[in-house]
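Sequence lines, in order, name chains A and B. Counting with the numbering used here, you get residues 38 to 510 for the letters of the first sequence. Counting with the numbering used here, you get residues 2 to 390 for the letters of the second sequence. One structure below.
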Amino acid sequence: MIETSVFSSPTKNRNTYLLSGHSYLSFIHPALKEDSEDEYYRKKYQYLKSKGFFKDQECFNNLRINPHFVKDSIVNMTQLVFEVTDACNLKCKYCAYGEFYEDYDVRYSKKLRTEQVKPLFDYLSDLWENESAESYNKTTYISFYGGEPLLNMSFIKDVVGYINSLNIRGKLFRYTMTTNAVLLDKYMDYLAKHKFMILISLDGNSENNEYRVDFNGKNSFDRIIKNVDLLKKKYPDYFEKHVRFNSVLHNKNTVAGIYDFIHSKYSKIPSISELNNSGIRADKVAEFGRLYRSSESLYQEENYKEIERELFMNAYSYKDAVMFLHQYTGHVFKTYNGVLIDKKYKKTVPTGTCIPFSKKIFVTVNGKILPCERIGQQFSLGKISEEGVEIDYDAVAEKYNKYYDSLENQCSKCYRAPSCVQCLFYIHDIGNKPICHGFMDRSVFSKYIAANMTFWEEHAEDYQKVMDEVIIN
Amino acid sequence: MNNNTSSQYWFTIEPYVYVSVGKNAALLYNTLDGNTIPVKQQKIRKLIGDLYRKDNCGVILLTGNHIDDKDMQSFIIDLRNKFMGDIIDTSLSSGKPVQLMPKLNLQTDIKRLKQDEFRSTGEHIMQYLQETTVHFDNKINADTYCKFLSQIPRWNKLRLVNLWDYEQRNTLMNFLILSSVMTVIITPYDKITVQNLSLINIDIFKLHIIIDFPADMQQLHEAWTVLSGQKCPAQFVFKIASDKDYEQSEIIIDQYNIKDYKLEPVYTGNNLSFFEKNIFLTEEDILSEPLSMREIFARQALNTFDFGKIHVMSNGDVHANLNQPVLGNINTHNIQEIVYKEMNEGKSWLRIRDQKPCTDCIYQYLCPSPSNYEIAIGKPNLCHVVENK
Ligand code: SF4
Ligand code: SF4
Ligand code: SF4
């Protein structure tokens, strides 16, 4: 059993907050306690208690999924991602398919073939035409991922041709791609014509980019910049609206360096990601540790406040603090139903994992089907074969429920549960005896509230902006 | 911090307090117990207004000037006594706190989605459909109805009006039974017959029995006798247009010891005084039941009477509210298109109190959503708080 109301530890400014029942978060007098020496605060405590504060909370995150969840997620899918090829024209030191990692299929420079994915399109269009979707005119993103997707352009063109020929009421499509931009000069006309949203991987200036090398070990920087500059010159509008940058943080760059370079050169705010630190080979742990730099490193930089503010929702700190207020203030609702219907007792599944396929469907170059590209391929949930698409809704639901079961004991006692963002696929030994390192008991959670409220004390003037402008759901 | 801080305080109000700002006054409303503090004085209204300033973020430093002011003192005492806010000695902290003041943030608000080119105003809309009312005569065949109804979400409540006169009702009923849709049959009391009720002798059905006035007591008695021999759950809906109707409904309720019933006022076009006397809201009515913050937000975002409801007319036309234009027709549009149209262009689901005089009134979102009576009577506010001509 956990309690609904938790007092924060003191923030940096030594203020105290009370968080209660996922929907009340208030600055309070530290004397507000049941046995307070101050009579007024004793009374106030009793008043709040009579209104439902300071109670034990029913476990709410013990929901299990059924096969309908799986099917509905596919019908209402947001993004279909193809691993277009596992080949690449660069050999980045930290590549997810490179020397540090152990949890992907052996790579043979394969390419996805159009015939290979044909059954998936038949399967999806059948569902899209015959099942009632939850949304209308919502965009479904068709995404190309690699390896380097531009190495398999014929597949991409086939898919775009096929999707454009579909005419399903209420379905819109957009194309997205993550690319290293090495072949951008060759294909930019096509990409601009079809309004691909592209995410270019670039780690900052030439020195920052030193891990992004070709097969001869040569930095790809000059080539990328030449291509990106050309794209900007040739298609300025397209460049402005549809092109974004992502940089990986490591020991050869810094958040400030990345931001300065990309912002001054292209007037864009890059997204910055940390290296994935799960699935590291045992013999590489030490080397990986030297390379790895956490986004927290921003705070060691001199002018971190300005940079953080510029990065805004591209900074982890903002993202986390905004998630916090979305979850705990009680002022943020995802849908109209959320505000219309009292959902105090709404059940959820344990962990912060997405319901299978509700975020993405990821198809590997070998035809495996996964819930996203960021998890180990051993977690595949189905496959495309010559016989067609094999996704067994019952089996998928059963598999997830088994994962949930294995965490039930921890999640049901975890104070972080309402705002948990932990993906179960990142927890070692999931399904057997997993241990979640994100688990929070009451005292850790008190500190977590304090950390978030410290952020808001330091960024007080952004509260309105975040409430008015940010959509994350 | 300097040594002076013992005479300085952080002033804040509790985030469970809803602050409503009208033209000439403000109202603080405690959503935990419905307690209120009206604020008329300019200086206190300013203090409250300042809480909402971006740089203050819900907390204001109170210094000597403020604290010595008598009006300010009595306001703060009242606020603290009602547990609606506090002043906290700044010496307890080493820097400014924040109070994340309540402000509705609806992520998929239609206006927000419209501004974002990567989002669609059709997101999640089918979740919103909660209730479908179908009005029958014999213009549409049962297959069309079944096809249409098979698109509605499984949680949707179905209401059928004038079913007994629909010739293909057996086909339709079989479909409903097979798909176990929770269904309410709306029927006048004089259509309660053994034969009709035999059709709905299954637990997915419930009856809403309409009683108009003057009621035919003989018929009513016959209906009651038929009902008593059946298991089908029934609610009685009395359509009240006058005090006399009200009295008669009370007699009927007493006589038959009716437990499940609803009184529904009817505007006839010439019973305004009945409405003024019984339906128009007073301040007391508005404040009679405490509203949660979520309920207040709901009234800011949508119409709590109409949201999620559609009516299918006998020719297949669909309305969200019978007083508003047609959204589509079940012969030509699918259900998503109809719901999409209402969310984007409709006038019913998102109709809120955004008209004068309500926009100037401190009860703006404490008042219920505007109902059909406002439309029928042709006034934006049915209240005694602001009498507009
Ligand atoms: S990382 Fe986990 S939670 Fe996130 S999309 Fe992938 S499977 Fe879902
Ligand atoms: S942080 Fe870990 S233990 Fe806590 S709810 Fe999330 S997955 Fe469960
Ligand atoms: S109906 Fe309008 S004017 Fe009347 S009390 Fe309500 S909000 Fe105020």
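Beta carbons are placed, not taken as given, at the ideal position from N, Cα and C, and that holds for glycine. Only a predicted model underlies this, so the values are computations on that prediction, with no experimental measurement involved.
Per DSSP, cross-strand counterpart(s) of residue 164 of chain B:
Locating residue 164 of chain B in the second sequence gives position 163, counting from the first residue. Bridge partners of residue 164 of chain B: none, in fact.
Contact list for residue 394 of chain B against chain A, beta-carbon separation under 7 Å
Beyond the ends of chain B as shown, which are 2 and 390, falls residue 394 of chain B; an answer cannot be given.
Please specify which runs of the beta strand (DSSP E), each continuous and at least 3 residues long, are wholly inside the region 105–190 of chain B, giving them in chain order.
132–136, 158–162, 184–189
Among all the DSSP beta bridges, which residues are the ones paired with residue 211 of chain B?
Here residue 211 of chain B refers to the residue found at position 210 of the second sequence. Its beta-bridge partners are B/189, B/238.
Taking the C-alpha atoms as reference points, what is the distance between residue 342 of chain A and residue 487 of chain A?
Here residue 342 of chain A refers to the residue found at position 305 of the first sequence. Here residue 487 of chain A refers to the residue found at position 450 of the first sequence. Spanning the two alpha carbons is a distance of roughly 19 Å.
Is the CB-CB distance between residue 62 of chain A and residue 42 of chain A below 8 Å?
For this step, residue 62 of chain A is matched to residue 25 along the first sequence. For this step, residue 42 of chain A is matched to residue 5 along the first sequence. Not in contact: residue 62 of chain A and residue 42 of chain A (Cβ atoms no closer than 8 Å).
Looking at the structure shown, is residue 94 of chain A part of a helix, part of a strand, or coil, going by DSSP?
Walking along the first sequence from the start, residue 94 of chain A turns up at place 57. Three-state result, residue 94 of chain A: strand.
Show which residues of chain B have a CB atom less than 8 Å away from the CB atom of residue 50 of chain A.
Counting from 1 along the first sequence, the entry for residue 50 of chain A is found at position 13. Per Cβ cutoff of 8 Å: 94, 95, 96, 97, 98.
Among B/387, B/8, B/363, nearest to residue 29 of chain B - alpha-carbon criterion
Position 28 of the second sequence holds residue 29 of chain B. The candidate whose alpha carbon is nearest that of residue 29 of chain B is B/363.
Shortest alpha-carbon distance to residue 351 of chain A belongs to which of A/302, A/390, A/401, A/292?
Against the first sequence, residue 351 of chain A aligns to sequence position 314. Residue 351 of chain A has its Cα closest to that of A/292, out of A/302, A/390, A/401, A/292.
Per the contact definition of three or more C-beta pairs closer than 8 Å, is the region 260–267 of chain B in contact with the region 233–245 of chain B?
yes
Pull out every residue of the region 117–135 of chain B whose Cβ sits closer than 8 Å to any Cβ of chain A, in chain order.
117, 119, 120, 121, 122, 123, 124, 125, 126, 127, 128, 129
Complete beta strand (DSSP E) runs within the region 302–349 of chain B (minimum length 3 residues, chain order):
310–313, 318–320
When you compare the CB of residue 146 of chain B with every CB in chain A, is at least one pair closer than 8 Å?
Taking the first residue of the second sequence as position 1, residue 146 of chain B is located at position 145. No - not a single Cβ of chain A is within 8 Å of the one on residue 146 of chain B.
Tell me which residues share the same chain as residue 121 of chain A and place their Cβ nearer than 8 Å to its Cβ, disregarding the 5 neighbours each side in the sequence.
Your numbering for residue 121 of chain A matches position 84 in the first sequence. Cβ within range, chain order: 148, 149, 181, 182, 183, 184, 186, 188, 189, 192, 193, 402.
With 7 Å as the C-beta to C-beta threshold (strictly closer), list the residues of the region 371–385 of chain A near chain B in chain order.
371, 372, 373, 374, 376, 377, 379
Residue range of the beta strand (DSSP E) that residue 375 of chain B falls in?
Taking the second sequence and counting its residues from 1, one reaches residue 375 of chain B at position 374. Counting along the chain, residue 375 of chain B falls outside any beta strand (DSSP E), though it belongs to the alpha helix (DSSP H) covering 373–378.
C-beta contact flag for residue 304 of chain B and residue 351 of chain B at 8 Å
By one-based count along the second sequence, residue 304 of chain B stands at place 303. By one-based count along the second sequence, residue 351 of chain B stands at place 350. Yes. Within cutoff.
Answer with yes or no whether the minimum CB distance from residue 183 of chain B to chain A is below 8 Å.
Indexing the second sequence from 1 puts residue 183 of chain B at position 182. No, residue 183 of chain B lies away from the interface with chain A (no Cβ there is under 8 Å from its Cβ).
Alpha helix (DSSP H) segment containing residue 360 of chain A, residue limits:
Here residue 360 of chain A corresponds to residue number 323 of the first sequence, with the count starting at 1. Per DSSP, residue 360 of chain A belongs to the alpha helix (DSSP H) from 353–365.
Using the three-state DSSP reduction, which class does residue 254 of chain B fall into: helix, strand or coil?
As a first step, residue 254 of chain B must be located in the second sequence, where it is residue number 253. It is helical.
Reference residue 217 of chain A; option with closest CA among A/88, A/267, A/238:
Within the first sequence, the letter at position 180 stands for residue 217 of chain A. Nearest C-alpha to residue 217 of chain A: A/238.
Would you kindly work out how many angstroms separate the C-alpha atoms of residue 508 of chain A and residue 242 of chain B, rounded to a whole number?
By 1-based counting over the first sequence, the position of residue 508 of chain A is 471. By 1-based counting over the second sequence, the position of residue 242 of chain B is 241. Rounded to whole angstroms, residue 508 of chain A to residue 242 of chain B spans 47 Å at the Cα level.
Within 8 Å, strictly: CB atoms of residue 389 of chain A and residue 451 of chain A:
Reading the first sequence from its first residue, position 352 is the one you call residue 389 of chain A. Reading the first sequence from its first residue, position 414 is the one you call residue 451 of chain A. Not closer than 8 Å, so no.
CB contact below 8 Å: residue 67 of chain A versus chain B
The residue you call residue 67 of chain A lines up with position 30 of the first sequence. Judged by the 8 Å Cβ criterion, residue 67 of chain A is in contact with chain B.
Option in A/132, A/86, A/115, A/263 with minimal Cα separation from residue 178 of chain A:
If you number the first sequence from 1, residue 178 of chain A lands on position 141. It is A/115 whose Cα lies nearest to the Cα of residue 178 of chain A.
Please state the DSSP three-state secondary structure of residue 466 of chain A.
Locating residue 466 of chain A in the first sequence gives position 429, counting from the first residue. DSSP places residue 466 of chain A in coil when its eight states are reduced to three.
C-beta atoms of residue 109 of chain B and residue 371 of chain A nearer than 8 Å:
Position 108 of the second sequence, counted from the first residue, corresponds to residue 109 of chain B. Position 334 of the first sequence, counted from the first residue, corresponds to residue 371 of chain A. Contact flag set, yes.
Alpha-carbon to alpha-carbon, residue 107 of chain B and residue 10 of chain B
For the purposes of this step, residue 10 of chain B is taken as residue 9 along the second sequence, with counting starting at 1. For the purposes of this step, residue 107 of chain B is taken as residue 106 along the second sequence, with counting starting at 1. Distance between the alpha carbons of residue 10 of chain B and residue 107 of chain B is about 33 Å.
Is there a Cβ from chain A that is less than 8 Å from the Cβ of residue 215 of chain B?
Along the second sequence, read from residue 1 onward, the residue named residue 215 of chain B stands at position 214. Closer than 8 Å: no.
Using a Cβ-Cβ cut-off of 8 Å, state whether residue 212 of chain A counts as contacting chain B.
Taking the first residue of the first sequence as 1, we reach residue 212 of chain A at position 175. With a threshold of 8 Å between beta carbons, residue 212 of chain A makes no contact with chain B.
Any idea if residue 389 of chain B is buried or exposed, counting beta-carbon neighbours within 10 angstroms, 16 or more meaning buried?
Position 388 of the second sequence holds residue 389 of chain B. Here residue 389 of chain B scores only 47 on pLDDT, less than 50, and its place in the model should not be relied on; the value that follows carries that caveat. Counting Cβ neighbours within 10 Å, residue 389 of chain B comes out exposed, since fewer than 16 surround it.
Taking only heavy atoms of ligand 1 into account, decide whether any of them is closer than 7 Å to the Cβ of residue 397 of chain A.
As a first step, residue 397 of chain A must be located in the first sequence, where it is residue number 360. In this structure, residue 397 of chain A has its CB closer than 7 Å to one or more heavy atoms of ligand 1.
Run the proximity test for residue 453 of chain A: is its beta-carbon closer than 7 Å to any non-hydrogen atom belonging to ligand 1?
Looking up residue 453 of chain A in the first sequence gives position 416. Result no, Cβ not under 7 Å from ligand 1.
If we require 3 or more residues per run, which beta strand (DSSP E) segments fall completely within the region 424–468 of chain A?
If we require 3 residues or more, the beta strand (DSSP E) runs fully inside the region 424–468 of chain A come out as 425–427.
Check: residue 221 of chain A C-beta below 7 Å from any heavy atom of ligand 3
By 1-based counting over the first sequence, the position of residue 221 of chain A is 184. No, ligand 3 has no heavy atom inside 7 Å of this Cβ.
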